[in-house]
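Asker: Next up is a structure, given as structure tokens.
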Amino acid sequence: MNAVTDAVTPALPAPIGLLAELTHRCPLRCPYCSNPLELDKRSGELDTAAWQRVLTEAAALGVLHVHLSGGEPTARQDIVEITRTCAELGLYSNLITSGVAGALGKLDALYDAGLDHVQLSIQAAEAANAERIGGLKNAQPQKFAFAERVVALGLPLTLNAVIHRGNIHEVATLIDLAVTLGAKRLEVAHTQYYGWAYVNRAALMPAKPDVDRSIRIVEEARERLKGRLVIDLVVPDYYAKYPKACAGGWGRRLMNVTPAGKVLPCHAAETIPGLEFWNVRDRSLGEIWAQSPAFQAYRGTAWMKEPCRSCDRREKDWGGCRCQALALAGDAAATDPACSLSPLHAKVQALAIAESALETAPDYQYRTIGGAPLVTQPEGVTA
Amino acid sequence: MSLSPDDVPRLPRGVRMRFDGVRGAHVLLAPERTFDLDQNAVAVLSLVDGARSIRAIAEALAAQYDAPRSVIEPDVITMLNGLAEKRVLDTAPAAPPA
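These protein sequence lines are chains V and B, in that order. Each residue of the first sequence is one higher than the one before, counting from 1 in UniProt numbering. Each residue of the second sequence is one higher than the one before, counting from 1 in UniProt numbering.
See below:
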């Protein structure tokens with residue numbers, strides 16, 4: 001609104017990353033999509049000028065990395081213009097893309113506009129499996145052609161593979177594929193069960209022995225491929241000992257702007273009822289970061305209950321994920337049940353083991369725009 | 001991989017150093033990562049231009065800090081090796097794909 005509210009008080013850390021969800025439109029229909037069940041429609045999306053203003057405010061606030069995401073960000077006609085604005089502001093631009101449909105056609109222009117990095121999703125190494133998971137035929141050859149052009153242009157390429165029951169047997173071949181395609185980084189990211197992934201949890205949950213095996217494969221490959229491929233590993237929460245620091249701690253490092261302009265502390269935050277989110281249409285990013293009720297709600301440690309409150313890890317993992325605490329424990333201020341110190345942890349592990357042991361995984365509920373399907377929410381563990 | 005004094009390091013596309021005015025410090029921006037840089041790292045990376053060899057960088061630093069090159073060079077190699085292992089530093093001309 002005005003310059004005064006853009007000032008960040010010394011006690012408040014400056015945000016370092018901005019996740020710009022430019023659109024929820026996407027040619028893929030992945031059953032673990034991190035978008036909310038209620039997808040924003042095109043008609044409600046911010047326009048170019050609004051995004052440019054958001055980026056300008058983000059740079060002034062201290063944001064260094066901008067993740068141009070979606071949905072599929074190249075579905076926006078102004079993606080090149082938005083990328084150019086990032087470059088002009090000195091912001092590091094990261095395109096998070098499916099690499100299909102119109103993506104390849106825009107890649108050279110994105111390079112010329114100053115794009116810094118490409119993160120390409122890969123659903124599986126084997127084409128038929130990948131296309132079943134992503135819900136789009138003929139996607140795999142498009143992705144390979146896209147990757148080839150990224151590398152030919154000299155842009156750094158990261159492959160992002162979300163791992164679950166349907167592709168966990170392909171971790172070794174995904175690593176080989178990353179090397180073949182010339183990627184510098186590979187993210188072996190076990191599914192995080194929020195949003196669409198929560199709905200599809202029983203279809204996605206891998207068995208513990210398979211998870212352990214996938215971790216061993218990654219560790220071996222890291223050693224073997226040192227200096228050629230960096231592999232980041234995100235382990236699955238339900239089998240973990242300690243939770244992840246959600247977004248590096250609520251309201252500490254990241255902000256997420258939705259296609260319609262709502263500013264969230266994390267992409268799943270809208271699942272928590274009663275939180276008031278402010279919109280960039282009404283206020284400056286700085287004012288929202290410093291003062292919006294949603295960012296204030298779980299910032300720092302004052303909101304914590306036991307066992308988090310007196311835990312010496314409370315400023316390491318910040319109590320884990322608020323959305324997961326709500327989904328599983330029924331209370332967004334509870335300790336994330338992914339934590340072994342949570343009284344619900346054993347139940348969560350038992351639930352994961354039971355779901356992963358289903359002889360046949362249930363069918364996917366693919367993501368769709370125009371209203372969430374009639375979904376049955378899986379159970380939490382409070383009862 | 002391990003760098004030698006004759007190698008010519010360069011920052012590839014998608015890796016760049018900039019001054020972060022909000023935090024008052026230099027950072028190295030890279031894919032999905034931000035490296036906080038101390039004074040020494042800034043001094044080294046300011047000389048990484050895709051033309052100077054590691055030996056030439058160490059010589060320039062030796063003159064700048066009035067210290068023997070033989071002391072500085074191993075530290076420069078250690079630091080640049082660390083970045084190369086993380087795939088944020090190349091040698092020029094770019095190594096052929098393996």
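Heads up, the beta-carbon is just placed ideally off N, CA and C, and yes, glycines get one too. Since this is a predicted model, take the numbers as computed values, not measurements.
Okay, do the stretch 120-139 of chain V and the stretch 152-161 of chain V touch, 3+ Cβ pairs below 8 angstroms being the bar?
Answerer: Judged by Cβ distances under 8 angstroms, the stretch 120-139 of chain V makes contact with the stretch 152-161 of chain V, as three or more pairs qualify.
Asker: Measuring only the C-alpha atoms, how far is Glu85 (chain B) from Leu104 (chain V)?
Answerer: Here residue 85 (chain B) refers to the residue found at position 85 when the second sequence is read from its first residue. Here residue 104 (chain V) refers to the residue found at position 104 when the first sequence is read from its first residue. Straight-line Cα distance between these residues: approximately 29 angstroms.
Asker: Can you say whether Asp38 (chain B) is buried or exposed, counting buried as having 16 or more other CB atoms within 10 angstroms of its CB?
Answerer: Counting from 1 along the second sequence, the entry for residue 38 (chain B) is found at position 38. It counts as exposed.
Asker: List the residues of chain V whose Cβ lies closer than 8 angstroms to the Cβ of Leu29 (chain B), in chain order.
Answerer: Reading the second sequence from its first residue, position 29 is the one you call residue 29 (chain B). Going along chain V in sequence order, the residues near Leu29 (chain B) (Cβ under 8 angstroms) are Leu64, His65, Tyr92, Asp116.
Asker: Would Val8 (chain B) count as contacting chain V if we go by Cβ distances under 8 angstroms?
Answerer: By 1-based counting over the second sequence, the position of residue 8 (chain B) is 8. Chain V, which has no Cβ nearer than 8 angstroms to the Cβ of Val8 (chain B), makes this no.
Asker: From Val235 (chain V) to Ala338 (chain V), what distance separates their C-alpha atoms?
Answerer: Here residue 235 (chain V) refers to the residue found at position 235 when the first sequence is read from its first residue. Here residue 338 (chain V) refers to the residue found at position 338 when the first sequence is read from its first residue. If you take the alpha carbons of Val235 (chain V) and Ala338 (chain V), they lie about 11 angstroms apart.
Asker: So Thr158 (chain V) is in the alpha helix (DSSP H); what residue range does that whole segment cover?
Answerer: For the purposes of this step, residue 158 (chain V) is identified with residue 158 of the first sequence, where counting begins at 1. Not the alpha helix (DSSP H): Thr158 (chain V) falls in the beta strand (DSSP E), residues 157-163.
Asker: Less than 7 angstroms between C-beta atoms, sequence neighbours within five positions excluded: which residues of the same chain meet that for Arg87 (chain B)?
Answerer: Sequence index remark: in the second sequence, residue 87 (chain B) carries index 87 (1-based). Cβ within range, chain order: n/a, list empty.
Asker: Following the continuous beta strand (DSSP E) through Met79 (chain B), name the residue where it begins and the one where it ends.
Answerer: The count along the second sequence starts at 1 and reaches residue 79 (chain B) at position 79. No beta strand (DSSP E) holds Met79 (chain B); the alpha helix (DSSP H) holding it covers 69-85.
Asker: Can you pull the chain B residues whose beta carbon is under 9 angstroms from the beta carbon of Thr158 (chain V), in chain order?
Answerer: Along the first sequence, one-based indexing puts residue 158 (chain V) at 158. Simply Pro31, Glu32.
Asker: Per DSSP, Glu21 (chain V) forms a beta bridge with which residues?
Answerer: Position 21 of the first sequence, counting from 1, holds the residue named residue 21 (chain V). Glu21 (chain V) is bridged to V:Ser69.
Asker: Is the shortest distance between the beta-carbon of Lys226 (chain V) and the beta-carbons of chain B less than 8 angstroms?
Answerer: Taking the first residue of the first sequence as position 1, residue 226 (chain V) is located at position 226. Judged by the 8 angstroms Cβ criterion, Lys226 (chain V) is in contact with chain B.
Asker: At the 8 angstroms Cβ level, is Gly248 (chain V) part of the contact set with chain B, yes or no?
Answerer: As a position in the first sequence, residue 248 (chain V) is number 248, starting the count at 1. Not an interface residue.
Asker: Cβ of Val179 (chain V) within 8 angstroms of Cβ of Leu233 (chain V)?
Answerer: Sequence index remark: in the first sequence, residue 179 (chain V) carries index 179 (1-based). Sequence index remark: in the first sequence, residue 233 (chain V) carries index 233 (1-based). No, the Cβ-Cβ distance between Val179 (chain V) and Leu233 (chain V) is not below 8 angstroms.
Asker: For Val230 (chain V), which residues in chain B fall below 7 angstroms Cβ to Cβ?
Answerer: Position 230 of the first sequence, counting from 1, holds the residue named residue 230 (chain V). Chain B residues near Val230 (chain V): Lys86, Arg87.
Asker: May I have the straight-line CA-CA distance separating Ala67 (chain B) from Pro5 (chain B), to the nearest angstrom?
Answerer: For this step, residue 67 (chain B) is matched to residue 67 along the second sequence. For this step, residue 5 (chain B) is matched to residue 5 along the second sequence. Taking the straight line from one Cα to the other gives about 17 angstroms.
Asker: When DSSP labels each residue in this structure, what does Ala357 (chain V) get in the three-state scheme?
Answerer: As a working note, residue 357 (chain V) is residue 357 in the first sequence. Coil, per DSSP.
Asker: Determine contact between the stretch 358-366 of chain V and the stretch 283-299 of chain V, defined as no fewer than three beta-carbon pairs at a distance below 8 angstroms.
Answerer: At 8 angstroms Cβ cutoff, the stretches do not touch.
Asker: To which residues of the same chain is Met17 (chain B) closer than 8 angstroms at the C-beta, ignoring the five residues directly before and after it?
Answerer: On the second sequence, residue 17 (chain B) is found 17 positions in, with the first residue counted as 1. So the qualifying residues of the chain are Leu11, His26, Val27, Leu28, Leu29, Leu37, Val42, Leu45, Ser46.
Asker: How many Å lie between Cys321 (chain V) and Leu177 (chain V) at the Cα?
Answerer: As a working note, residue 321 (chain V) is residue 321 in the first sequence. As a working note, residue 177 (chain V) is residue 177 in the first sequence. One C-alpha to the other measures close to 32 angstroms.
Asker: Could you name each continuous alpha helix (DSSP H) segment of 4 residues or more that falls completely within the stretch 38-64 of chain B, going from the start of the chain to the end?
Answerer: Counting only runs of 4 or more, we get 39-47.
Asker: Using a Cβ-Cβ cutoff of less than 7 angstroms, which residues in the same chain neighbour Ser2 (chain B) once the five nearest sequence positions on both sides are dropped?
Answerer: Position 2 of the second sequence, counting from 1, holds the residue named residue 2 (chain B). Hits under 7 angstroms: Asn81.
Asker: Can you find the residues in the same chain that come closer than 8 angstroms, C-beta to C-beta, to Gln296 (chain V), ignoring five residues on each side of it along the sequence?
Answerer: Within the first sequence, the letter at position 296 stands for residue 296 (chain V). Gly251, listed in sequence order.
Asker: Are the CB atoms of Gly134 (chain V) and Cys266 (chain V) nearer to each other than 8 angstroms?
Answerer: Here residue 134 (chain V) corresponds to residue number 134 of the first sequence, with the count starting at 1. Here residue 266 (chain V) corresponds to residue number 266 of the first sequence, with the count starting at 1. Cβ atoms of Gly134 (chain V) and Cys266 (chain V): not closer than 8 angstroms.
Asker: Going by alpha carbons, who is nearest to Ile82 (chain V) out of V:Asp116, V:Ile369, V:Tyr194, V:Val263?
Answerer: Residue 82 (chain V) sits at position 82 when you count from the first residue of the first sequence. If we check each option's Cα against that of Ile82 (chain V), V:Asp116 comes out closest.
Asker: Helix, strand or coil, according to DSSP, for Asp40 (chain V) in the structure here?
Answerer: What you label residue 40 (chain V) is simply residue 40 of the first sequence in a count that begins at 1. Residue state, collapsed to three classes: coil.
Asker: Look at Ala202 (chain V) and Glu355 (chain V) and say whether their C-beta atoms are less than 8 angstroms apart.
Answerer: One-based indexing of the first sequence puts residue 202 (chain V) at position 202. One-based indexing of the first sequence puts residue 355 (chain V) at position 355. Against a cut-off of 8 angstroms, the Cβ pair of Glu355 (chain V) and Ala202 (chain V) comes out as a contact.
Asker: Can you tell me the Cα-Cα spacing of Val15 (chain B) and Glu306 (chain V), whole angstroms?
Answerer: Here the question's residue 15 (chain B) lines up with position 15 in the second sequence. Here the question's residue 306 (chain V) lines up with position 306 in the first sequence. Val15 (chain B) and Glu306 (chain V): Cα-Cα distance of roughly 42 angstroms.
Asker: Is it buried or exposed, Tyr198 (chain V), if we count other Cβ atoms within 10 angstroms and call 16 or more buried?
Answerer: Within the first sequence, residue 198 (chain V) is the residue found at index 198, counting from 1. It is buried - the Cβ of Tyr198 (chain V) has at least 16 other Cβ atoms within 10 Å.
Asker: Find the residues of chain B that neighbour Ala87 (chain V), judging by a C-beta separation of less than 9 angstroms, and give them in chain order.
Answerer: In the first sequence, residue 87 (chain V) corresponds to position 87, counting from 1. Those do not exist, as Ala87 (chain V) stays about 11 angstroms from chain B at its closest Cβ, beyond 9 angstroms.
Asker: Shortest alpha-carbon distance to Arg13 (chain B) belongs to which of V:His169, V:Glu187, V:Tyr92?
Answerer: The residue labelled residue 13 (chain B) in the question sits at position 13 within the second sequence. Ranking V:His169, V:Glu187, V:Tyr92 by Cα distance to Arg13 (chain B) puts V:Tyr92 first.
Asker: Note down, one range per segment and in chain order, each alpha helix (DSSP H) of at least 4 residues found wholly within the stretch 142-201 of chain V.
Answerer: List check, alpha helix (DSSP H) in window: 171-181, 195-199.
Asker: How is Ala103 (chain V) classed by DSSP in three states: helix, strand or coil?
Answerer: For this step, residue 103 (chain V) is matched to residue 103 along the first sequence. Helix at Ala103 (chain V).
Asker: Which residues does DSSP pair with Gln119 (chain V) in a beta bridge?
Answerer: Here residue 119 (chain V) corresponds to residue number 119 of the first sequence, with the count starting at 1. DSSP, once it has assigned bridges, lists V:Ile96, V:Thr158 as partnering Gln119 (chain V).
Asker: For Thr85 (chain V), report the span of its alpha helix (DSSP H) as first-last.
Answerer: Position 85 of the first sequence, counted from the first residue, corresponds to residue 85 (chain V). That run of the alpha helix (DSSP H) goes 79-88.
Asker: Suppose you measure from the CA of Arg224 (chain V) to the CA of Gln77 (chain V); what does that come to, to the nearest Å?
Answerer: As a working mapping, residue 224 (chain V) is identified with position 224 in the first sequence. As a working mapping, residue 77 (chain V) is identified with position 77 in the first sequence. Rounded to the nearest angstrom, the two C-alpha atoms are 42 angstroms apart.
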